[in-house]
Each structure stands twice: as C-alpha cells, then as structure tokens.
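Going down the list, the protein sequences come from chains A and B. Counting with UniProt numbering, you get residues 1 to 1138 for the letters of the first sequence. Counting with UniProt numbering, you get residues 1 to 193 for the letters of the second sequence. All residues carry an ideal CB built from backbone N, CA and C; glycine is no exception. Input: a single structure, listed below in structure tokens.
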Amino acid sequence: MSDIVEKTLTALPGLFLQNQLGGGAASIKASFSSRLGGLVRGITALTSKHEEEKLIQQELSSLKATVSAPTTTLKMMKECMVRLIYCEMLGYDASFGYIHAIKLAQQGNLLEKRVGYLAVSLFLHENHELLLLLVNTVVKDLQSTNLVEVCMALTVVSQIFPREMIPAVLPLIEDKLQHSKEIIRRKAVLALYKFYLIAPNQVQHIHIKFRKALCDRDAGVMAASLHIYLRMIKENSSGYKDLTGSFVTILKQVVGGKLPVDFNYHSVPAPWLQIQLLRILGLLGKDDQRTSELMYDVLDESLRRAELNHNITYAILFECVHTVYSIYPKSELLEKAAKCIGKFVLSPKINLKYLGLKALTYVIQQDPSLALQHQMTIIECLDHPDPIIKRETLELLYRITNAQNITVIVQKMLEYLHQSKEEYIIINLVGKIAELAEKYAPDNAWFIQTMNAVFSVGGDVIHPDIPNNFLRLLAEGFDDETEDQQLRLYAVQSYLTLLDVENVLYPQRFLQVMSWVLGEYSYLLDKETPQEVITRLYKLLVNGSISSETKAWLIAAVTKLTTQAHSSDIVERLIQEYTRSLDTCMRQHAFELKHLHENVELMKSVLPVDKSCEDLVVDASLSFLDGFVAEGLSQGAAPYKPHHQRQEEKFSQEKVLNFEPYGLSFSSSGFTGRQSPAGISLGSDISGNSAEMGLKETNSLKLEGVKKLWGKEGYLPKKESTVGDEAESQPVPQDNVKMENIDQTITKKDQPQVHMQSKEEKEKQLLASSLFVGLGSENTINLLGKADTVSHKFRRKSKVKEIKSGEATSAHNMTCSSFSSLSNAAYEEDYYLDVLQNREDKELKKISLNSEYLDSESFTELHVVEKLSNCNLSAPSLFADNNLEIFHPSQSTTASVANEVSIAAALLEEPTEHMHSDLMEICNNETISVTSYKIWKDDCLLMVWSVANKSGSELKSANLEIAPAENFKITEQPECCLPMIEAESTKNFQHSVQMEKSFTEGTLSGFINYQMMDSHSVQLEFSVTLSLLDFIRPLKISTEDFGKLWLSFANDVKQNVKMSGSQAALPSTLKTLQKKLRLHIVDIIGNEGLLACQLLPSTPCLLHFRVHADVLALWFRSSCSTLPDYLLYQCQKVVEGS
Amino acid sequence: MIQAILVFNNHGKPRLVRFYQRFSEEIQQQIVRETFHLVLKRDDNICNFLEGGSLIGGSDYKLIYRHYATLYFVFCVDSSESELGILDLIQVFVETLDKCFENVCELDLIFHMDKVHYILQEVVMGGMVLETNMNEIVAQIEAQNKLEKSEGGLSAAPARAVSAVKNLNLPEIPRNINIGDLNIKVPNLSQFV
C-alpha cells in the first residue's frame, strides 16, 4: 500500500502542471471545475466535524448567492449543481438549489440537462411538490428525436416520478416500446415496471405489451421484462402458468449458449438472466405438478452445465437448488440438488458456505437427513469467527429443534446472544429462544432459568409478546395442576433469589414479570411470608432506577400481597409515602391500596388468590348508574347526547361549510359505551370490575392473562384449534419409538470413530450427537407449522373461560356455560338456554360457523340466529372431554349437513342479512349444474356452490374441492363430501375465503366429482374470479373517528372526475358507490361526502368526495399504499358509469 | 430490488450515495454511518453478506459489500436478488469504472462524482439491474461522452489530469490509491488555478 501512496505523491505535480496547462484559454471554466477540487481538499484538510460543518456552510452560502444571481450562466450552474450534490451527499441541506436543478434540466443543453436530471433524481423524492415542475420537461424530452435526451428522460422517470402524473407520460412511454433502438425499449420497459410498482392499476391495460416485450427480438429487452414478470408472478402465480413454456424455452436457449457471446460473463452465458428465469420457474412450479414437469429437463440441464469455475456459476447453481426444492419434487433432481448443497457447505470459500447453510435451512423441511449428513460442518460453523455464519447456523438449528436437542441449541443461542450487541439480532433471537423454550422445555427449572436469561439479556427491547405469553402460560397452566403449582413455585423462588443479589440491575420488563409473578403466586411459598416478599418489592420500589411503569406493577403486586399479609408496617409506610407522590398515577394506586387496606373483607373479594385466569363480568353499559341518571333527568337535566350527535346538530343549525380539516375540528371524545351496541358486546372482553379498573389502567394485568374469546375474526379458540388439529392428530407414540431408534443408530455409528479422534473432535462429535438427535428421514419436520411429533411439555390448554354468573352455573358443563353466559352478557337473551338444552343429542362439530354468523350484526335478526344455533351450538362438549384442541370433523353427520344447507338457503332468501352476488353458473354437464354466488360477509368472503342434480337418478359420493391458492386462505366448511345427492335436488357447499396477500384479481379453481349410479366417476372443473373488491367491507365509524384516522394515514391519492349530474347528485352518487363497492357513508356535509371502508381483515381506507360544479374531487387515504389507488380506479369506473 | 448503493472509503467518508427508496436526509446519513460501522468491523476474509438490521427494513434486506483497497462498495438489496449475483454485479460496476476512468482510484470518484453516477445509471436503473454487459455500459457512456467532448472541450481536462496520476500496472482487480491523507498532497492545487 505504501508504495502506491508514494507513486501518487510523485505523480501529483504532473496533475497540477497539466491542470495549469489546460487552463489558460478558458480559465473561467477551469476555475469552476476545480472549485469542487478546492472544496474536497478543504474538507479533507480539516480535522474536526465542526470545522467541516463551518466550511460547508460557507460553501453553501456562496453557492446560494451564485445560483440565485441572474448573471450565472447555465454552464456555471452545472458546476454549482455538482458541488451541491457533493454537499448533499455529506448530509448538508441544499434545498435552495432544488428549483435550480429543475430549471437546469428544463433549459440546459444536453450536458447541462444531464446534470440537472441527475441532481433532481438525487435531491427530490416521489412526493416532492417541486417534482410537478419537471413533468413538462420529461414529456418534451420523451418526444425528442435525440436518443440521449429520451434515455435521460426515461432514466429519471424510473428513478422518481409523481404517481398522479403518470397518465401524462404513459402513452409516450408505451410508444417507446416500439422504438427501433434496443436501449430505449429496454429503459421503457423498466420505466413501466416502476409504474407498475407505484400504481399497479394505471398500467393494468398494458399487460399485453409486457408479453410483447418478453418476446422482443433483443435479449436485453426480454431480460428487462423478466423484472416485471418475477414481480407479477410472485403476486399471483396462477395467472401466468401459460407462460411457463416460454420461460423454459428461453432458459433452454440461454443455457445452450444460443445467445450472442456479448452476453457471456466469464464465459457463462447471461448468468443474471438465468438467475431471474430460475426464480420465475420456482414460483410457477410451486405446488403444481403439471407445471413443474415442464421444467424438470431444463433444470437438469442447468445443474449439469454449471461447471464450477467461477463465482457466478455458484450463483446459478444456488438458484437451481432453490428452484428444485420449491417446485413439485422429483427425486432425481433432489438428489443432484442435495449434492450441490454439499458442495456449497463444504466449500472453503466463506460466501459459499454461507449460502450452503442458507440452502440447508431452506431444504431441511423436506429432507432432514441432509442436516445429519453435514452435521460436522454445521458444528464447525457454530464456532466460526464470522458472526454472520454463526447466526445462519443458529437459524438452521432453530429449524431442527426438538424436545431432545433443545437444551444444547438454546445454550448455543444464548452464548451467541451474550456476544452480540446489535439490537435487531437480540430481538430476533430472543423471540426464537422464548418460542422454543415454551414448546420443548424439558423441565420446570430449565424453563424458568431460560426465560430468566431471555428477560435479562433481551432487556427492554424484546417483543412485548414474550413477557405477556410467559405470564399467560404461568397463569393458564397446563394439563396437570400440581405441575403448574411447581412451575409457579419455582418461578417465585428463582425471582426471590435473583432479587437478593445485591447491586444487579434487571431490565424493567423483567422486573415487571417478577412483580406480577410474586404478586400472584407468593402464596405458594411456605417459608417466606408475604411480608418478606413485600419487603423485597418495597426495596425495589424505592430504587431510583425503576421506571414509573414498573413502579405501577410493583404496587399492584404489593396490593395483592397485602390481602395475604395480615398487617405490615411496610405497606403502611408505602401508603404514607406514595399518597403524597407527585406522580398522579402512583398516588392513585396508593390511595386504592389505602382504601382497600382499610376494608379487608372487600379487599379479599376484589383480589382473590390465584384467580388471574377467571373472567369477570363487567357491566359496560354502566346500568348501575341508571338511578343516578333518572334522578338527574327528573330534576330537569338535559339528556346526554354523544359528541358526534352534538356536532351534527351544530352543523345542521349553522348550515355553513366546514373549512377546517376534519381532524382538527373535533376534539377527541372517549368511547361512549352507553350509546353503542358494539360497546355492550365488547363487555365480555374487557373483563374486570370497577374496583379493579384503577390497577388495569396502567398495568393491565388481568387482561394479559385472560384469553380473548371474541375478536374481530369471531370466536377465537376456533382458530387455534384448526391449526393444532393437524399436528396433534399424528400418532404420537409411534413416532417417539422411531426417533429413539434413530438416536441409537446415531450413537452406534459414532462409537467406532470416537477412538481414532482427538479429544477436540470427540467433543464435537458429542455435540453433534446431542444436536442432531431426533432427526431422521422418516421424521418429518414441518417448518411452517412446526408440527411436533413429540409431546409438548408446555402445551396450552384451550381454556374456555368460565364466567360466574347465576345462569351460567346452572348449565351443564364448562364450555356450555361459557357460551350461555357470554351470550347473556352480551345480548341478554335467554333463548340460548333453550337452545343449549337441545344440544345434547347433537354430535361434535366444528364451531367455525358460529363465529361467522354470530357477529354483531346478525344478532339483530333473531330468527336467523336461532336457526344457526339450532344446528351449530353443538360443539362444546369436546372441551369438557379432554381439554385438547382436537376436532373430529369426520364425525359430522348427515343430519347437520341438511341443516347446513338449509342455512345457506335461508341466507339466500334473506338478502338483508349479508350482501351477496347474483347466481352464476360456473360449470355444467348433462347430469349436474354448478352455480355459485358470493356472500360478502363481514369477516370473510363466503363462496356458496350449489350443485343441482338434473338427472333422474341419485349421485353418490359427491365431492367438491377447491385448489389451494396462494393469495387466499380457504376454509372448507366441514361437509364438503356428500354421500349422495338425490335425484333432481340441489345441494350446497360452502367455502369461506380470506385474503392472505393483496392482489387485484385472482382465480379460485376447483373441481367437483361424483359417482353415477353405474359407478363410474365424473369430474368437472371450474373456476371463478375473485377481485380485491370482494374483500372490501364497509367500515362503520363516526365522523370524528374519521377525522382522527384521516390525519394518521400517510398514503393518499387525489383525482378529479367529471360528473354528469349537478351538485345535488352527490348523495345519489354516494349511494351508488355504497351499493356497488360496499362502502360505508360516514357523513355528508354540504357538498362533501365522507366514506369509509376496510380491506379484510383490517386495512382501513377513508374516502373524501367533494363536488365542485360538475367535477367530483376524490381524495382517498389509507394506511396501505396500494389500496387507495385501487379504490380510486373502481370509484372512477362507478362514477363515470352512472 | 436494490434499495441503496453506497460507496465510502476506509474512513467512512461517503463517495457515492444513491437510494432507490425514499429515506429522509437524516436517515440516509444514519444508514451510511451504520453501514460503515458494520462493514468496518469485518475482516476481508469473512463473508460478504450482512443483515441489514432494523434501519433498512429488517431481515428481508441484505447488505452485500466488497472492499477494494480504500473503498467499500455496499449494495443493499431485498430478498428478490441473488446474493452472489449482486456480488458479481459490484465487480462489473467496478470494472466498468476502471474501464471508463482508465484504472480507477478514489480520486476519480471524488472529482467525477457526476460521471460515476452516469455509469451507475446505466448499470442499475430505479433499483433494477439494467445492464450487466460491461462493453454495452462502456458504449453507452462513450456515446454520452462524445457529446461532452463536442460541447465543452476543456471540461474533459481534469479527467486527463487525474488519469495521469494513476499507476500504470493494471492488476486483475482494479486497485485504488490510498489517499486517506489527501491533505498532504493537494494543498498546492490552488496556486495553479
């Protein structure tokens, strides 16, 4: 290195000399171009940041003067821009120059324009207001005959362009797709891709042109179009299956060396193109045997051709392996791919080793034996000096964790955690440890100690779910009550020991966990009295380093313990101290404690021992205040009106426009439970009684421990159950036996080698055998679901909350009671009890339907509910049986099927219940006809297929199946297989569809098969199109909530649409929109209308309409960036159509 | 997609900063600083991939970097890019710089920041890889340079001047001249101007 410096030094005089010579004639020019040099020199000469700042500020102010001086020529401006770019790069604000950059791009000659465009693309961002000034320039340059100008314009468009101005340039860019120059076509394709990214709906109509680009005669243009296809296929692979053949052909030609030699890189033909194609094939072939079969040959060819001579061939190989493992498996290819992974893992090059580990992590779900093969390499990687390699290894181990190797793996993870300082890594890893510990903990002591480590290392950056889940686990317990108690006792003891260590500071979150556990479970201690625990807590409380949030947890714990301690000086002292505290929250707690302390009986009933899991009934309607209100009214007080109602009245009185933004004109008002029916139904969720409310406000203790029964998606336990279903129905004992066998074989295999190896090696072997225990080829490890064949120690019970209300206890069993009490609490309808009486003769069945039907709205229609409950409220006894999350859908009977069908029919007859689409025939033949319609339910899309048997004979074992689609989660209602369909009758099937990934249009395909009397089976395929619109639901909010939400959303779009009618047409237009797009009209104020909707599950979008003469100004905002765009497009369609 | 391309020297001084995703000015500076600290800690003989951390989008993002003598080239990409592919793309970019500047060094990047940007624009456009063929890129740049030559003959002078500084042996991977202590060498520059 030093000799290079020397060379530089000797060469430098030459530079100056040349510069001097080069000057002379155009000395002004030279002085300007070297200004940047002067600046750079100045900066590097400085020693402190402060001096640099001073210098740059000086420079900037002189630049400011220059750029704004009228005498400055464009040439000088060009130099100034470069210096401004330099200053901005160093992080100084040069915003005064932005407008000049735009000017330069507008007015300059080619060279100046180029600098101008560059400066604009570096300075501004997509939403910058100045960018609008650039649009005209871009339009002009796109039409230029000069290729360089067109190129520059296309480049700047693909870097930054205002979304709302896309229509202005779109046709011009589309034209460029036919340009004779390859480079222009290529840039145009990428510019269109950029548009697709920021506003997909605006380029919807040119998809056919993308296809043309894919078939372009120039390979470069084709390569550019692959960017678009990779993206679109990732979003919706089913729509592009027809292109598989083309991609395969292209890849075949590339691999076969058919491209010009220009495309070679280190004699590999177009490697980046190959990588792109392999990725696309992987996406297309996923879970699709037919498509995958098309690509087996070319993949084999790629694997064979990639000779390992350069880095880039490894890149191709890696993609190949990835694709082979993504598509429908073929054993031959898998074998070859596995060999390739071996090459990566065993490579001495570290980059390849890293990728090898990554590939292993990816394929381990399909082939756990690969991990066994490479176990020694993995062990070595665990101690690799590179932390990135180590982390990837841990990621791999995380995937193969089971009950036998958990201790070793978690220990390794903790070791890594102690060395790592990056917050991001800590959060990530700590979460994993907590998850594993919860799943596979071998015993109580280990579990608590591991969680202690998690809390102390994770500190206050850990995800809040971790302490919450931990506490819930402790509170809810497991199947065995005595074991629960032991776990709790162990936790209490370990925390007391930790607190006794002097001069150690624990993170706040950990202290909060400790204080909750100590408060709840100290009663389990036999040696220490509650007083002693209180003393320790008090010691913490007076510690200066405790945050006020933690203090609240501590006081809550003390309050709970005071019930058990008969008298305590410390409590007295604490009350004395904190009733005078300046912190109002603390003072509140202290007063609560004081008053409770004075009334021991009340205290005991308010704070019962070990009842953290019990639900409390809360009267959210505040009916106990009715007397007070009645008294007030009788004395002439005005009846209460909620805030929004008052606002409305004010508006209707004043009849003036509201010029203020919505968010500001409304002060926030609290939740008015008395008025809203939803508030009452929420009551069961926000359990607690008024005496405890004070505690809850800050630490929300009980809420965390309490399992939510009702949520947005309906009845919650159902969800978990269906997930758990698959995993746990596997034959547990059998697998256990298998694994033990494998363990033995591993140890046997290891034994003969042990003698030969050094001690170090022996240690590694030992580690390996402890790490890879329980991994065998027969033993499938499901990555995503983490399906476990080992029985868990800490399996959560699906506890259904028991609520102690009078009627509830009269019911038969636990779940039954919870159901009735819930419904009682929420709706005060006692017909449910009758329903439950009838329940006993029914079979076990999924309760999924309940959740879907029993949501707030459907309750208004009582007769429907009644019907539903008749057939559906049959599930509960299952919980009482074994407390496991297992359902037996197979046990459903024909009787319930009949019921099911009648509900669907009932729903159809009752259009007011949920909106639904018209009937549409999707397929038919001479015997059957399948029609379908969509029911837009509040939480999902329900597809109802009705199969009509047109023939005179009955059909046997009719079965309707829907193929899994990437974007949707399809939940099959249990009766998708009918033993028979009678002659000339109609049967219904249902699927509820939920969106998993956003898309604009997707297809749902499936088939129906049945057997005729003469016993040959017939299969009919069909598909229906679903659009994003099917997942848009009204969002019922008040005007003030609208105002609040409006300010909180960042993504917005605006557009003006010509309207045919006059201003008076606004309400009718909104009505049409409401009907067609399923929006909710929040408010209409003068010539403005507010609408709201949400994309399921819960992405809200707010719509604002304002009429001006015959122009309707649309302004949409949402938390999601693409939703407003989409809605804009749809609204436009509706408005222009009406 | 490529989120950002950063070039800085061994002292963390930014030499090229190009973001393809919107970040505020302060965040950009913070990203440059943190990225520098991340890569500085790493030896040359360990792997060239890093996780982006919380600042630049979480675990879906990777930092892929190469270290050439005095300069670090860092590409921040999301999971849709191939790691090894990007690693070679950096090589292509640097080799192209080397061709355009005739044995590139850090000085070129400082004094011809705009040119470096133009070259980059031909390689990566709006976060997408546009061209990986070095000859093609150089041809594009030369087409633009022709304009430059015809329009302002003397603006090319500094380029010639700087290229005179460079050592002439062309190694396989372009090496750069360490000008960490630039202040020693350049102070006389002004007297010639």
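In the three-state reduction of the DSSP assignment, B:ALA4 falls in the strand class, which pools E and B. A:SER326 and A:LYS286 do touch by the CB rule: their CB atoms are close to 5 Å apart, below 8 Å. For A:GLN1094, the three-state secondary structure derived from DSSP is strand. Here A:LEU396 is actually not in contact with A:THR450; their C-beta atoms are around 20 Å apart, not less than 8 Å. For a Cβ distance threshold of 7 Å, residue set LEU118 of chain A lies close to B:HIS117, ordered along the chain. When the alpha-carbon of A:GLN404 is set against those of A:LEU417, A:GLY108, A:PRO1124 and A:LEU436, the nearest one is in A:LEU436. Residues of the segment 147-158 of chain A whose Cβ lies closer than 7 Å to any Cβ of chain B, in chain order: VAL148, THR155 and SER158. Buried is the label assigned to A:PRO271, since at least 16 other Cβ atoms lie within 10 Å of its Cβ. Pairing B:MET134 with B:GLU95, the inter-Cα distance amounts to about 8 Å.
With a contact defined as Cβ atoms closer than 8 Å, A:ASP1083 and A:LEU1077 miss out at about 17 Å. Nearest to A:LEU1103 by C-alpha distance, out of A:ASP1110, A:GLU577, A:LYS432 and A:SER1119, is A:SER1119.
For A:ALA65 and A:VAL115, the gap between their C-alpha atoms comes out near 20 Å.
With a 10 Å radius around the Cβ and a threshold of 16 neighbouring Cβ atoms, A:ILE208 comes out exposed.
Rounded to the nearest angstrom, the gap between the Cα atoms of B:VAL7 and B:ARG15 is 5 Å.
B:PHE49 sits in a strand when the DSSP states are folded into three classes.
Chain-order list of chain A residues neighbouring B:ASP88: TYR265, HIS266, PRO271, TRP272, HIS310, ASN311, ILE312 and ALA315, by C-beta distance under 9 Å. Among the CB atoms of chain A, none fall inside 8 Å of the CB of B:ASP60. Interface annotation, B:GLY85: in contact with chain A, CB-CB separation under 8 Å. Inclusion of B:ARG22 and B:LEU120 in the CB contact set at 8 Å is not warranted, their separation being larger than that value. Between A:LEU74 and A:LEU104, the gap from beta carbon to beta carbon is short of 8 Å. The three-state secondary structure of A:LEU1114, taken from DSSP, is strand. Listed in chain order, the alpha helix (DSSP H) runs fully inside the segment 75-161 of chain A are 98-107, 110-123, 132-142 and 147-159, counting runs of at least 4 residues.
Annotation for A:LYS1058: ASP1110, VAL1111, LEU1112 and GLU1136 place their beta carbon closer than 8 Å to its own, counting only its chain and skipping 5 residues before and after. Under the 10 Å beta carbon count, B:ASP60 is surrounded by fewer than 16 other beta carbons and is classified as exposed. Shown here, A:ALA475 sits in a helix according to DSSP, grouped into three states.
Note that the C-beta distance between A:CYS585 and A:ALA556 is not below 8 Å. Non-local C-beta neighbours of A:GLU649 in its own chain, meaning closer than 8 Å and more than five positions away in sequence, comprise LYS641, ordered along the chain. The C-alpha of A:TYR523 lies about 16 Å from the C-alpha of A:SER568.
Within chain A, the residues whose beta carbon sits less than 7 Å from that of B:VAL129 are TRP272, listed in sequence order. Beta-bridge pairing by DSSP links A:GLU961 to A:PHE1007.
Taking 8 Å as the CB threshold, A:MET222 stays off the interface with chain B. As DSSP reads the structure, A:ASP1083 sits in a beta bridge with A:LEU1090. At the C-beta level, A:CYS940 and A:SER1005 stay beyond 8 Å of one another. From the beta-carbon of A:LYS650, no residue of chain B is found nearer than 8 Å; the closest lies around 40 Å away. Non-local C-beta neighbours of A:ILE575 in its own chain, meaning closer than 8 Å and more than five positions away in sequence, comprise ALA590, LEU593, LYS594 and HIS597, ordered along the chain.
Judged by beta-carbon spacing, B:ILE46 lies within the 8 Å limit of A:ILE350, meaning their Cβ atoms are closer than that value.
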